[in-house]
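Working notes, structure below.
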């Protein structure tokens, strides 16, 4: 299954919200009047694009309809596609340095999907021929260590872990030492779920980052914030708040398949904290995709045929 088909399958619930208005009008060979545009607007809001964003999108749509003298579903779908594509921007991929250690540091709140994303990322880069090591720096939950162990076995990646309650920074230190000694390409670090306003947990994260800066001074390091799409507009607050206390290089948007909330990707792109670099569209090991805005937008809207 190609990336478009995966996005299309994962975004079914979100697409259905929008398609209910667009496709219905096409089948009736009707036109969009003000009432139908209001229904479309409500669908976009329900998909969690954000009310203010939707206001701008609809204002631009109506201006485009007036200028073109068109009020059919095909034109509206094309207009939305162009607007969404502009908001999401170009595809952003994380580039790894050759013959050097690269580090992904995954952060976020509890339940966002950090541990699962670590395992899926390990699989993705192992498939590309990279030597990947996982680090279980979430030492508060025994289940997190066990879960990452399962994912490491599935992906075929080396795991560095200690016992529950260990100092997370010490686990990271061990992982970096091992990865450097064995010339690994990529070290993926799972961290405990934390809120931006929990001082002790943020201090712990700072300690982990200091260890990385000292022990892997030449490494290319990406701090990736994992966001649960099911959190909707709360995801925006998380992104803003984390970015204020911990610089973020990229976003991983998980669970896009879980509800009709896929529009949150548009809202996240609009606030421009960091680019969305990966998107989770299912539970399978291959279901964390490099985020492709064009494929996403194409999958989000009904097909024009």
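Residue numbers (our numbering): 5 to 309.
Note that beta-carbon positions come from the ideal geometry of N, C-alpha and C, so glycine has one too.
- Minimum Cα-Cα distance from residue 221 among the listed residues 303, 246, 290 and 184 corresponds to 184.
- Just so you know, the alpha carbons of residue 137 and residue 161 end up roughly 6 Å apart.
- Of all alpha-carbon atoms in 217, 109 and 128, the one lying nearest the alpha-carbon of residue 155 is that of 128.
- Taken through DSSP and simplified to helix, strand or coil, residue 210 comes out as helix.
- Taking a cut-off of 8 Å for Cβ pairs, the region 279-287 and the region 250-259 touch, as three or more such pairs fall below it.
- Leaving aside the five residues that flank residue 41 on each side, none in its chain has a CB nearer than 6 Å to its CB.
- Nearest to residue 245 by alpha-carbon distance, out of 105, 275 and 216, is 275.
- Per DSSP, the beta-bridge partners of residue 232 are 258.
- Excluding residues up to 5 positions away in sequence, 215 and 219 lie with their Cβ nearer than 8 Å to the Cβ of residue 177 in the same chain.
- Separation of residue 114 and residue 230 (C-alpha to C-alpha, rounded to the nearest whole angstrom) is 10 Å.
- Counting along the chain, the unbroken beta strand (DSSP E) around residue 191 starts and ends at 190-195.
- Around the C-beta of residue 186, fewer than 16 other C-beta atoms lie within 10 Å, and the residue is accordingly described as exposed.
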